[in-house]
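Using my numbering, the first residue of the sequence shown is number 59, and each one after it goes up by one. Some notes on the structure that comes next.
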Amino acid sequence: MANTSEIKAFCQAPINATFGLTTDELWKKINWANTATGRFYYWCHDNEREVKAVWKKCQEKGVSPVWFTAYEFVEGYNASLNWLNHFPYRPPLDPVGDCATTCDWIVSTSQNSNLSPAWDDPFGGTVGMVPQSVRQNGNAEYAKWGLGTIGHVYGAGTAAAAWAIWYPQGLKAEYNGVQNYGNPLAQCVDLIKSWGGSLSSYGAESSPSQDNNTGSNNIANATTGILNGLSNAFSDLYKSVDSILDELFNEIMELFKKSLSAKSPVDYFSNGILSIKTVYKDRLLKVGLEDKALQNIIDKASQNFKHNIVNAQNSAIGTVGQITTDKNDDNDKNIAGGTPSTGGGTEPANIRNAINQSAGEVGKWGGQCYRYAGLYLQRAKGRQIYYGLGGTMLPKRGEGIKAARISTDWDWAGVATSITSQPTQASQIKSGDIFTIDSYQANWGTDVWGHVGFVDKVENGTVYYYEANYNGTELVYYHSRTVSNFLAGCNALIHLW
């Protein structure tokens, strides 16, 4: 299994890295008799001419055929998805053309300066698992890799990849409480090494050698890093225990107030943390800490200690960076926040419930805007437009890949009550509407794919809405725009009621 040094070297490699292999050498190194070769088997039939045509397209787009192939092998074949399981499959079969589309995504993602590691997997139930200190160190190291690197793509696109680099125990079900996750980075590195690829030119470390003086330097640097990390770990441990004790103290004070202010005598009170017994003759309160509560304190402190020790082991010397949050700034005067609706208005309960569920996802990783719209539609109507989320798909009439064309690429009969194309009036916008934004709209910052989101409410000339992947962050946001700015570029409103 690849070690941490090799994984980080792999992440720092440029997206067009050859790893010392030509495509001819790569072809000879791979055991094509193995049918578990993803779309190279199902689409290209493990045929040399067809496989190399795909690799040639990778090279033309500036993407490493070696990495692309390892990525594909690790992902595995899903008939409803495209290369690397990233985009929905769009017939007719076009392996080379679809490779170009996927490579365009890789290149654009690698050059997106607004990204940060995908620490959370909101759809897998692991939000908040990674300690803040680990996130800070990871963000700092991620920023140092720079644009155009493999890690810049992988780290931001897959929570399992971020954990594999900075928080490997998070991949285990016994730790994350959900399931065992594969380590995509280690699997890619192992494949590349098995093909004879080299990581040395990208910084992979070897064991200290006694034949030169680098060994002692490596040990000294490693020791310094561990000591610095341990110092931070104990500091964080103190803060975490202090916080736990503060919670306990506040709980004790509340229980004292409750007991002393009781209108009638209370002989005994317990809430699982404290037991309080009133002794009326002596006017005393006997307070006991429940054994289970004491054990919980110990467990919490122990868990925080484990988190911070792991952080110390993985810590790197350098400046701690800032966590990427909402990208609202002075350059975009049209975007603001707002208060999400909760009670709702005249919309049906199923629509309001689907909208309200989105409030808890704001600020969390949501992936592509298309996926997020599909999640909302599944909640609201039990139907689907995004492969891989489950549910019954709408009949497809077009490619089903551009957010800008969602209103025409899918057959909305029986799901949407109507569709307003090129809306121009505030009265046409309703809560629960799925809205699509056309390609290359400057005020929305869209590219060829366009954009999609859904409306929460319209109040006082302002549209409040939910969206994912604003400004390329792959996070979920709650934003608002004036009606005129919202409609500028909006090419469709899909009315669900």
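Every residue gets a Cβ at the ideal spot worked out from N, C-alpha and C, and that includes glycine.
Quick check on residue i: buried or exposed, where buried means 16 or more other Cβ atoms within 10 Å of its Cβ?
{"i": "N61", "result": "exposed"}
{"i": "V121", "result": "buried"}
{"i": "T160", "result": "buried"}
{"i": "I73", "result": "buried"}
{"i": "E118", "result": "exposed"}
{"i": "E130", "result": "buried"}
{"i": "N197", "result": "buried"}
{"i": "L554", "result": "buried"}
{"i": "Y444", "result": "buried"}
{"i": "Y498", "result": "exposed"}
{"i": "L173", "result": "buried"}
{"i": "K230", "result": "exposed"}
{"i": "N241", "result": "buried"}
{"i": "R410", "result": "buried"}
{"i": "D491", "result": "buried"}
{"i": "K202", "result": "exposed"}
{"i": "V236", "result": "exposed"}
{"i": "G254", "result": "exposed"}
{"i": "P406", "result": "exposed"}
{"i": "V37", "result": "No answer is possible for residue 37: it lies beyond the span of the chain, which begins at 59 and ends at 555."}
{"i": "L205", "result": "exposed"}
{"i": "H594", "result": "As displayed, the chain neither begins before 59 nor continues past 555, which places residue 594 out of reach and without an answer."}
{"i": "R455", "result": "exposed"}
{"i": "T478", "result": "buried"}
Relative to the C-alpha of residue i, which residue among the options is closest?
{"i": "N136", "options": "Y523, T95 and I164", "result": "T95"}
{"i": "A500", "options": "A546, Y444 and D104", "result": "A546"}
{"i": "G209", "options": "T466, L243 and R193", "result": "L243"}
{"i": "Y535", "options": "Q486, R441 and G425", "result": "G425"}
{"i": "W85", "options": "E106, F68, T540 and G78", "result": "E106"}
{"i": "W163", "options": "P175, D178 and W141", "result": "W141"}
{"i": "E419", "options": "W101, I495 and Y430", "result": "Y430"}
{"i": "V247", "options": "Y200, A128 and A158", "result": "A128"}
{"i": "D82", "options": "L452, K110 and V192", "result": "K110"}
{"i": "K439", "options": "Q480, A462, G458 and A471", "result": "A471"}
{"i": "T450", "options": "R437, H144 and V211", "result": "R437"}
{"i": "Q245", "options": "P153, A394, G134 and C157", "result": "G134"}
{"i": "M59", "options": "S252, P150 and Q169", "result": "S252"}
{"i": "A484", "options": "G215, A550 and V521", "result": "V521"}
{"i": "G215", "options": "Q227, F145 and N238", "result": "F145"}
{"i": "C69", "options": "V516, S538 and S168", "result": "S168"}
{"i": "W502", "options": "W101, N408 and N529", "result": "N529"}
{"i": "L533", "options": "S399, S542, E108 and W177", "result": "W177"}
{"i": "S259", "options": "F77, A222 and N408", "result": "F77"}
{"i": "G213", "options": "S191, S171 and S138", "result": "S171"}
{"i": "S138", "options": "A71, I459, P175 and A91", "result": "I459"}
{"i": "M441", "options": "R193, P150, A474 and I393", "result": "Reading off the sequence shown, one finds Arg at residue 441, where the question assumed Met. When each option's Cα is compared against that of R441, the closest is A474."}
{"i": "F544", "options": "T531, N143 and V510", "result": "V510"}
Note the first and the last residue of the continuous alpha helix (DSSP H) segment covering residue i.
{"i": "N549", "result": "Careful: N549 lies outside any alpha helix (DSSP H), inside the beta strand (DSSP E) at C548 to H553."}
{"i": "A67", "result": "T62 to Q70"}
{"i": "T81", "result": "T81 to K87"}
{"i": "Q117", "result": "E106 to K119"}
At what residues does the beta strand (DSSP E) containing residue i begin and finish?
{"i": "D514", "result": "H509 to E517"}
{"i": "Y100", "result": "Per DSSP, Y100 belongs to no beta strand (DSSP E); it is in the alpha helix (DSSP H), R97 to Y100."}
{"i": "A526", "result": "T520 to A526"}
{"i": "T478", "result": "S476 to S479"}
Secondary structure at residue i, three-state DSSP: helix, strand or coil?
{"i": "C161", "result": "helix"}
{"i": "S171", "result": "coil"}
{"i": "R441", "result": "strand"}
{"i": "R463", "result": "helix"}
{"i": "Y498", "result": "coil"}
{"i": "Y135", "result": "coil"}
{"i": "R32", "result": "This structure does not reach residue 32, given that the chain is present from 59 up to 555, and the question cannot be answered."}
{"i": "L257", "result": "coil"}
{"i": "K454", "result": "strand"}
{"i": "L142", "result": "helix"}
{"i": "F544", "result": "helix"}
{"i": "W470", "result": "coil"}
{"i": "T506", "result": "Residue identity differs from the one stated: residue 506 is Val in this sequence, not Thr. Coil."}
{"i": "A431", "result": "helix"}
{"i": "F493", "result": "strand"}
{"i": "A91", "result": "coil"}
{"i": "A394", "result": "strand"}
If you measure from the CB of residue i, is any heavy atom of the ligand SAM nearer than 7 Å?
{"i": "F68", "result": "The ligand SAM is not part of the structure shown, which contains no ligands of any sort."}
Query raised in the report: What are the uninterrupted segments assigned as alpha helix (DSSP H) that are 4 or more residues long and contained completely in the stretch 175 to 248, given in chain order?
Result: If one requires a minimum length of 4 residues, the alpha helix (DSSP H) runs lying completely within the stretch 175 to 248 are 190 to 203, 208 to 215, 217 to 224 and 231 to 234, in chain order.
**Report entry** Complete alpha helix (DSSP H) runs within the stretch 401 to 428 (minimum length 4 residues, chain order)
**Finding:** Here the runs fully enclosed are 407 to 415.
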